[in-house]
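Notes to accompany the following structure.
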Amino acid sequence: MKVLVPVKRVVDYNVRVRARSDGSGVDLANLKMSMNPFDEIAMEAAVRLKEAGQVSEVVAVSIGTDACQDVLRTALAFGADRAVLVQTPEAALEPVVISRILKAIVDEEAPRLVLMGKQAIDDDCNQTAQMLAARLGWGQGTFACRLALADGEARVSREVDGGTRTVALPLPAVVSTDLRLNEPRYLKLPNIMKAKKKPLDIKPLESLGVNTSTGIRCLGVSEPPARKPGVRVESVEDLLHRLKHDAQVI
Amino acid sequence: MSERESMEFDVVIVGAGPAGLAAAIRLRQLAEAAGRELSVCVLEKGSEVGAHILSGAVFDPRALNELIPDWQARGAPLHTPATEDAFLWLGRQRAFTLPLPPQMHNQGNYIISLGNLCRWLARQAEDLGVEVLPGFPAAEILFDDQGAVMGVATADMGRLADGSEGPQFEPGVELHARQTLFTEGCHGSLTKQLMARFALRDGVDPQTYGLGVKELWEVDPARHRPGTVRHTIGWPLDRGTYGGGFLYHLEDHQVAVGFIVGLDYRNPYLSPFEEMQRFKTHPAIREVLEGGRRIAYGARALVEGGWQSIPRLGFPGGLLAGDAAGFLDVPRIKGSHNAMKSGMTAAEAVFDLLADGAGQRGEATDYRQRLDQTWVMRELHAARNIRPGFRWGLWGGLAHAALETYVFKGRAPWTLHHHPDHAALRPAASSTPVDYPKPDGTLTFDRLSSVFLSNTHHEEGQPVHLRLRDPALPLSLNHARFAGPETRYCPAGVYEYVEENGAGPRLRINAQNCVHCKTCDIKDPGQNIDWVVPQGGDGPNYPAM
Ligand SMILES: Cc1cc2nc3c(=O)[nH]c(=O)nc-3n(C[C@H](O)[C@H](O)[C@H](O)COP(=O)(O)OP(=O)(O)OC[C@H]3O[C@@H](n4cnc5c(N)ncnc54)[C@H](O)[C@@H]3O)c2cc1C
Ligand code: SF4
Chain A
131 MKVLVPVKRV
141 VDYNVRVRAR
151 SDGSGVDLAN
161 LKMSMNPFDE
171 IAMEAAVRLK
181 EAGQVSEVVA
191 VSIGTDACQD
201 VLRTALAFGA
211 DRAVLVQTPE
221 AALEPVVISR
231 ILKAIVDEEA
241 PRLVLMGKQA
251 IDDDCNQTAQ
261 MLAARLGWGQ
271 GTFACRLALA
281 DGEARVSREV
291 DGGTRTVALP
301 LPAVVSTDLR
311 LNEPRYLKLP
321 NIMKAKKKPL
331 DIKPLESLGV
341 NTSTGIRCLG
351 VSEPPARKPG
361 VRVESVEDLL
371 HRLKHDAQVI
Chain B
304 MSERESMEFD
314 VVIVGAGPAG
324 LAAAIRLRQL
334 AEAAGRELSV
344 CVLEKGSEVG
354 AHILSGAVFD
364 PRALNELIPD
374 WQARGAPLHT
384 PATEDAFLWL
394 GRQRAFTLPL
404 PPQMHNQGNY
414 IISLGNLCRW
424 LARQAEDLGV
434 EVLPGFPAAE
444 ILFDDQGAVM
454 GVATADMGRL
464 ADGSEGPQFE
474 PGVELHARQT
484 LFTEGCHGSL
494 TKQLMARFAL
504 RDGVDPQTYG
514 LGVKELWEVD
524 PARHRPGTVR
534 HTIGWPLDRG
544 TYGGGFLYHL
554 EDHQVAVGFI
564 VGLDYRNPYL
574 SPFEEMQRFK
584 THPAIREVLE
594 GGRRIAYGAR
604 ALVEGGWQSI
614 PRLGFPGGLL
624 AGDAAGFLDV
634 PRIKGSHNAM
644 KSGMTAAEAV
654 FDLLADGAGQ
664 RGEATDYRQR
674 LDQTWVMREL
684 HAARNIRPGF
694 RWGLWGGLAH
704 AALETYVFKG
714 RAPWTLHHHP
724 DHAALRPAAS
734 STPVDYPKPD
744 GTLTFDRLSS
754 VFLSNTHHEE
764 GQPVHLRLRD
774 PALPLSLNHA
784 RFAGPETRYC
794 PAGVYEYVEE
804 NGAGPRLRIN
814 AQNCVHCKTC
824 DIKDPGQNID
834 WVVPQGGDGP
844 NYPAM
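Chain order of the listed sequences is A and B.
Under the numbering used here, the very last position in the first sequence is 380; numbers go up by exactly one each time.
Under the numbering used here, the very last position in the second sequence is 848; numbers go up by exactly one each time.
Take a look at the structure:
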């Protein structure tokens, strides 16, 4: 059984980002980039299934510029067997387009399970898994905090208010991973070196014949307003006065 | 204890700075030219190459020209030629232009981010077949049964605070090599062990250091003059303290501004971080930064000992290169070209040694001799008396520097000597507290909001990587006699004396904030702190410093 794991290259979670001064986007120049942490969890889950003998092949796919090869090498170091880069001229595509591209890759690769992060930490969209499942007409189990494969089904638990809810999905299916599914392993140095020799195919986006238009335009990107320093009030009357007249909240 | 895996290389290089990367590139170039197999790997403790690199930097491309003559065609990130240069003496409000000493002329040099240059060098190295391995600090030196260095082991991952193995534990890996090059930069943690084990400093002066605190600003385009270089001396330092500021206009409306304080300072109340904050308020600096925004912060120690502090450079099984050995030219505040050239020279010496076959874990004893014949040593020898001359204060030091430079032209018949920095502090009782102004939040800042911009991260729950040899000494010596100088010299606010529920003060170490500058290991008056590598990839994530 084959598992496909889409991985996204995003700005590292330790790095502070800032909006460009012209508001056209986030300035990513020279910043450390990494694999989206939720995708690492998906990779870890896929590799554990393989180590448990329930999966025979793990294929990682990333969509973006040539730079995305580094996250694919990371995926290979985790234990993916091979990787595919769908090469695009620009880094940021909307989830609606990504889901079209992933559909094309699924059609080619025919995996029984797509395991992916529930969202990317850069745009926090949380849309791609759901859109992909809809395009494929497959079942979806989102926000997985537990995952088990048995009898041609995927059992997916998610945390809900006050407990967990478990669903069984017939395979093939799309599963998106939440934070508590697992704790990804530390990469081993010999595995990082071996990963450099594993196969990584590059497919130009044009070769997939996917429509990339969205009709969505980004109007602006801005930073949250700086927090104003607090003021010390002298008395209860003073507090009430300020709440009424300065803050105008009562 | 879990078994460690091991891997074999011909040459293992510790540290992916300009020295280590230039050495790796040179080794593979020589191997290709000779048609010889030669496996080379470079370990780097930062999460990526460049993540821990912090420099000015005005870069002299001399070594790069020799290493990769077609660097321009290969897209090296040298974008901004240094075009206009001035050396200023600052008073509290005023600035006077001083004559530019010849060694400070910057024609032909570039204003760069050394971190970005290292990223590019790493790609060149990988194209030549070097294994570049960021995220893997060398934590331990391995010795063979003859006592020769036979490689290093990388840090364990997933140990808990008490040192035991956590659930994610992954042991380090042993990298065995025929030759190991140590290019850890200023005051390397393994280099420090080598110095002691092989007595490499016997018969030479102690190393002396400075601490550089640096910020990157995006400035108002109207105030941006790419190619402009400013160096300052004088205010805000008192006349007895060595140091000065720099301000370099890069590309993309960016300006690098920084301040260096000689770590032989005497007043335990001095704070290099706050000197830097104060420096920015001088009209000559403020006028550039006002209306801009600070985008990055960091700090790093630099070697200032020069020629008289160069240790023995080799030992059985390996060599030192770059700032780990100490080739920075202080009057020019340039070390990256010498780091590269020393790395290349070490590579050549090691390559020939290994070709002889007899070189199995031997010592490339001709490395020093080869270096002596390069421009690196000529430059350092000529400049050797300038820094120690500042023991006579700012004016005495400048007058002496002029004498050395213009009259003797570096050939004075004497050599001035250094004293260790940690011994320089005067007791607090005979020192005057310094009253630093409060940060305003737009031009000047506090330590914590600064560290925030260094993107520093250390995974929680690991052992503290700042080890105290004697846990009682901070209170009995540092606090009692020197009023806790580590709370002031640490540019990241790692050390704090706290008083809880009526108990007396106690030292708290916020190791997660450490930006790996190495100052505490250098300046601690009791030499009680050992900086060791934390888990792989931890530390700052500098963008383009
Ligand atoms: C504030 C400041 C301003 C400067 N300005 C200039 C300037 O304008 N021009 C100039 O030419 N020079 C300048 N220098 C000096 C220059 O930066 C250094 O000379 C140069 O960086 C030295 O290169 P290096 O390769 O020896 O060490 P570094 O650049 O320090 O690189 C060492 C590398 O090794 C890694 N490392 C260390 N220990 C380990 C370990 N145990 N395991 C794995 N990796 C490890 C580090 O993370 C780092 O990446 C300046 C320095 C400072 C601090
Ligand atoms: S703890 Fe030491 S090495 Fe770390 S930032 Fe502070 S002074 Fe520098």
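Yeah, the Cβ is synthetic: ideal placement off N, Cα and C, and Gly gets one too.
Status (buried if at least 16 other CB within 10 Å, exposed otherwise) for residue i
i: B/H722; result: exposed
i: B/N844; result: buried
i: B/F562; result: buried
i: B/W538; result: buried
i: B/F748; result: buried
i: A/Y143; result: exposed
i: B/P321; result: buried
i: B/N570; result: buried
i: B/R811; result: exposed
i: B/G340; result: Here residue 340 of chain B is Glu; the residue named in the question, Gly, does not match the sequence. Classification of B/E340: exposed, given that the 10 Å Cβ count is below 16.
i: B/C817; result: buried
i: B/C820; result: buried
i: B/N804; result: exposed
i: A/G360; result: exposed
i: B/R462; result: buried
i: B/E590; result: exposed
i: A/S343; result: exposed
i: B/E347; result: buried
CA-to-CA distance, residue j to residue i, given in whole angstroms
i: B/A458; j: B/E487; result: 15 Å
i: A/P136; j: A/G282; result: 22 Å
i: B/H382; j: B/N412; result: 11 Å
i: A/G345; j: B/A559; result: 41 Å
i: B/G546; j: B/G466; result: 40 Å
i: B/N368; j: B/Q471; result: 46 Å
i: B/N409; j: B/A360; result: 12 Å
i: A/L277; j: A/R150; result: 40 Å
i: B/L403; j: B/F630; result: 23 Å
i: A/M165; j: A/K326; result: 16 Å
i: A/G155; j: A/R347; result: 12 Å
i: B/G764; j: A/R265; result: 43 Å
i: A/G194; j: B/C489; result: 38 Å
i: B/F711; j: B/V345; result: 42 Å
i: A/C275; j: A/L134; result: 19 Å
i: B/H640; j: B/M310; result: 32 Å
i: B/R784; j: B/P794; result: 21 Å
i: B/M680; j: B/W610; result: 8 Å
i: A/V366; j: A/V379; result: 15 Å
i: B/G475; j: B/D632; result: 36 Å
i: B/A389; j: B/L553; result: 16 Å
i: A/T294; j: A/G271; result: 13 Å
i: B/V737; j: B/P730; result: 14 Å
i: B/L769; j: B/I832; result: 6 Å
i: B/L756; j: B/E593; result: 19 Å
i: A/A222; j: B/G349; result: 27 Å
i: B/T759; j: B/S358; result: 17 Å
i: B/P405; j: B/A385; result: 15 Å
Partners in chain B for residue i, counting only beta-carbon separations shorter than 8 Å
i: A/S145; result: Per the sequence shown, residue 145 of chain A should be read as Val rather than Ser. Ordered by position in chain B, the residues that pass the 8 Å Cβ test against A/V145 are N758, N844 and P846.
i: A/P320; result: E308, M310 and V476
i: A/R315; result: Q471 and E473
Contact set between residue i and chain B, taken where Cβ atoms lie within less than 7 Å
i: A/R148; result: I598
i: A/L161; result: P846
Distance cut-off 8 Å: residue i Cβ against heavy atoms of ligand 4
i: B/P539; result: No copy of ligand 4 appears in this structure; the ligands present are ligand 1 and ligand 2.
Neighbouring residues, chain A, relative to residue i (Cβ below 9 Å)
i: B/S350; result: D142, N144, K162 and S164
Cross-chain neighbours of residue i in chain A, by beta carbon under 8 Å
i: B/M460; result: Y316
i: B/A354; result: K162
How about the segment 575-583 of chain B and the segment 514-521 of chain B: do they share at least three Cβ pairs that are nearer than 8 Å? yes
Pair every Cβ in the segment 650-666 of chain B with every Cβ in the segment 611-623 of chain B, then say whether three or more of these pairs are closer than 8 Å. yes
Tell me, please, whether the segment 429-447 of chain B touches the segment 600-611 of chain B by the rule of three or more beta-carbon pairs shorter than 8 Å. Taking 8 Å as the limit for Cβ pairs, the verdict is that the segment 600-611 of chain B does not touch the segment 429-447 of chain B.
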